[in-house]
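Here the sequence shown is numbered in numbering that gives the first Met the number 0, starting from 0 and rising by one per residue.
Just so you know, even glycine gets a beta-carbon here, dropped at the ideal spot from N, CA and C.
Here the structure is a predicted model, which means the values were calculated and not measured.
The structure appears below as structure tokens.
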Amino acid sequence: MKLLSDIFQSLYARLALALSIVLIGVGLLYTLFSLVMIDRLDQRAQQQLNRNLAAGLVQDQRIVHDGGIDHEAMKHTFMQYMVINPAIEIYYLDLQGKILSYSADPGVVKRNSVSLDPIHAFLDGKPMFPLLGDDPRSHERQKPFSVTPIPDADHARGYLYVVLQGEEYAAAYQLQSQRYLIVLGGAALAGSLLLGLLTGLFIFSRLTRRLNLLQRRVTTFAESDFHTVDLFQENPSMRGDEINRLEGQIAQMSRHIARQWSKLKHNDQARRQMFASISHDLRTPLASIQGYLETVMLKQQQLSGQQLDHYLGIALKQTHRLQKQIDQLFEYARLEANERQLHVENFSMLELVYDVVNKFSIKAAQQGIQLSVEESAENLQVNADIGLVESLLDNLIDNALQHTPSDGEVKVNVSRSGAQVLISVTDSGPGIPESQQTRIFDHFYRAGNVSRSDDHAGLGLAIVKKIIEMHRQQIQVETPAGGGAVFAFTLQPAEVKP
């Protein structure tokens, strides 16, 4: 039973079964149709050949004598012809179709009268054969007949009504038709089934072979960890039959799946690295805070006021460092999850640059770094999210200050570049090696010139990249020949209102 179930799970077996059922049904319908048509043709032939049978009986048997009806001759004719030709049944009708006389056993005749419409149509001279009339021996059946008025058409007092396919003929015909049905039906079924099956199975094998090949390729693709995308043939124009188009669509889908799978694996790896980096970056200031606070708690009585302030100052500095890292992590998470929506407006880019530079002026002075806005900066209006652009500048300037030594300088410039507004942040630090310039915007990536003791958590430039992408702009980084690094990005100019 399981083997049979497994067999019919295949598309080929289902198609073969469906084709067999269709062919058997067609064979049966063809056989039944043939029998019906043969029966109609037989009725037509019988009626065509015997259309004058009733008139011949009247004339040959002298049923009409001296202009009247000889009832004895009629009775003799009934008996004689029923023996000679049992296929016919003879009835004498009045002008209203009522049966007056017949030759049959009592109770065999079920009707008292027959319809005159077929009789009138027969006698009109242009009947369409087969023309069926009522069978007196049945309330439902109709059969081919021959009829003639008696004694003649001009002085008709009744009709001689001859049923051409009587009960004995019907019984014999039914027996033969059953045999014919078996022979013809069997031959038609066998022939059509054999020919149709051979043709259909050949066609199905061609179709299912391609489907099986496609299925094996899909299985191989799945088992290869979604890497073997070259198994499928591209079909950009979607030409060919449904299977060709299906393979083309599977090829497109497989490449999309491969890209998505690769992206998922990359994101998973990045997530693992992110958790490791977060744990390390948070552990360092927390450990420092814990160490200094424990020292203060244990040696509170032994520490001078100056030492106590020193230890608490270091703990506070580490707290600020920790707060900065947490803020960056929270901001990056919001940007990564698309929770922060753009709220663009027109504003002065130069004014925002001065505000941010003033914010970092104290820190720059403490580090001995000259932070300034270049004299060539232009007062240009941009159309952007002022909050995000401020965060972008915060991270770029903070990053520049971290990489610039004492007595160095950091400059910010605003200028026009074609149809865009160009903003650049230039520092005099050691610069960024060309091999690292494509990776510095990855989250938690540290350039080789940044120490672990630095406040840099590896998220500042990743936040910058996200903000630039949200504005659908680009940022570039380069190291000039004289050293240092230049970060330059563009923004859309302000919309001019009419």
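Here's the rule: buried if 16 or more other CB atoms are within 10 angstroms of the residue's CB, otherwise exposed. What is residue i?
{"i": "V107", "result": "exposed"}
{"i": "T198", "result": "exposed"}
{"i": "D453", "result": "With a pLDDT of 49 at D453, under the threshold of 50, the predicted position of this residue should be treated as unreliable, and no value is reported."}
{"i": "I89", "result": "buried"}
{"i": "Q248", "result": "exposed"}
{"i": "G459", "result": "buried"}
{"i": "M296", "result": "exposed"}
{"i": "S278", "result": "exposed"}
{"i": "I396", "result": "buried"}
{"i": "D92", "result": "According to the sequence displayed, residue 92 carries Leu and not Asp. Buried, by the Cβ-count rule."}
{"i": "K298", "result": "exposed"}
{"i": "L341", "result": "exposed"}
{"i": "Q317", "result": "buried"}
{"i": "G26", "result": "buried"}
{"i": "Q324", "result": "buried"}
{"i": "K125", "result": "exposed"}
{"i": "R50", "result": "buried"}
{"i": "A376", "result": "buried"}
{"i": "H402", "result": "buried"}
{"i": "R39", "result": "exposed"}
{"i": "S450", "result": "Confidence at S450 is low in this model, with a pLDDT of 42, below 50, so its placement is unreliable and the value that follows should be read with caution. Label assigned to S450: exposed."}
Reducing DSSP to helix, strand and coil, say where residue i ends up.
{"i": "E139", "result": "coil"}
{"i": "T437", "result": "coil"}
{"i": "F488", "result": "strand"}
{"i": "A376", "result": "coil"}
{"i": "K410", "result": "strand"}
{"i": "D454", "result": "Since pLDDT at D454 reaches only 49, below the 50 mark, its modelled position is unreliable, and the value read off the structure follows with that caveat. Here D454 sits in coil by DSSP."}
{"i": "Q369", "result": "strand"}
{"i": "F329", "result": "helix"}
{"i": "R415", "result": "strand"}
{"i": "P432", "result": "coil"}
{"i": "I467", "result": "helix"}
{"i": "G132", "result": "strand"}
{"i": "V162", "result": "strand"}
{"i": "V108", "result": "coil"}
{"i": "N448", "result": "Low local confidence applies: a pLDDT of 49 at N448 is under 50, so the model's placement there is unreliable, and no value is given."}
{"i": "L421", "result": "strand"}
{"i": "E293", "result": "helix"}
{"i": "D153", "result": "coil"}
{"i": "I249", "result": "helix"}
{"i": "P148", "result": "strand"}
{"i": "Q511", "result": "Residue 511 cannot be examined here, being either before or after the span of the chain that is shown, 0 to 497."}
{"i": "S347", "result": "strand"}
Would you check if the distance between the CB atom of residue i and the CB atom of residue j is smaller than 8 angstroms?
{"i": "G482", "j": "P429", "result": "yes"}
{"i": "V372", "j": "V424", "result": "no"}
{"i": "G541", "j": "I368", "result": "Past the boundaries of the shown model lies residue 541; the chain is included only from 0 to 497, so the question cannot be answered."}
{"i": "L391", "j": "I466", "result": "yes"}
{"i": "A484", "j": "I431", "result": "yes"}
{"i": "S414", "j": "L421", "result": "yes"}
{"i": "Q45", "j": "L200", "result": "no"}
{"i": "R43", "j": "P129", "result": "yes"}
{"i": "L351", "j": "E389", "result": "yes"}
{"i": "A15", "j": "F220", "result": "no"}
{"i": "A53", "j": "L159", "result": "yes"}
{"i": "D393", "j": "V355", "result": "yes"}
{"i": "L370", "j": "V409", "result": "yes"}
{"i": "P284", "j": "R254", "result": "no"}
{"i": "F359", "j": "L400", "result": "yes"}
{"i": "D134", "j": "K142", "result": "yes"}
{"i": "E330", "j": "I462", "result": "yes"}
{"i": "T478", "j": "S416", "result": "no"}
{"i": "N345", "j": "A487", "result": "no"}
{"i": "I149", "j": "V57", "result": "yes"}
{"i": "S102", "j": "M78", "result": "yes"}
{"i": "L196", "j": "E246", "result": "no"}
{"i": "Q436", "j": "V476", "result": "yes"}
Report the CB separation of residue i from residue j in whole angstroms; it is logged as a contact under 8 angstroms.
{"i": "H470", "j": "A383", "result": "6 angstroms"}
{"i": "L94", "j": "R156", "result": "7 angstroms"}
{"i": "Q301", "j": "V381", "result": "In fact, because the Cβ distance is near 58 angstroms, the residues do not count as touching under 8 angstroms."}
{"i": "V146", "j": "F121", "result": "5 angstroms"}
{"i": "I256", "j": "L210", "result": "Going by Cβ atoms, the distance from I256 to L210 rounds to 20 angstroms, so no, they are not a contact pair."}
{"i": "Y291", "j": "A275", "result": "Their Cβ separation, rounded to whole angstroms, is 25 angstroms, which puts Y291 and A275 out of contact at 8 angstroms."}
{"i": "Q366", "j": "S303", "result": "So it is not a contact: roughly 28 angstroms between Cβ atoms."}
Using a beta-carbon distance below 8 angstroms, is residue i in contact with chain D?
{"i": "M296", "result": "Considering every chain present, this structure includes no chain D. It has just one protein chain."}
Please indicate yes or no: does the CB of residue i lie closer than 7 angstroms to some heavy atom of the ligand SAH?
{"i": "I396", "result": "With respect to the ligand SAH, the structure offers nothing, as it holds no ligand at all."}
Handout entry: Inter-stretch contact (C-beta, 8 angstroms, three-pair minimum) for the segment 108–124 and the segment 9–25
Key = no
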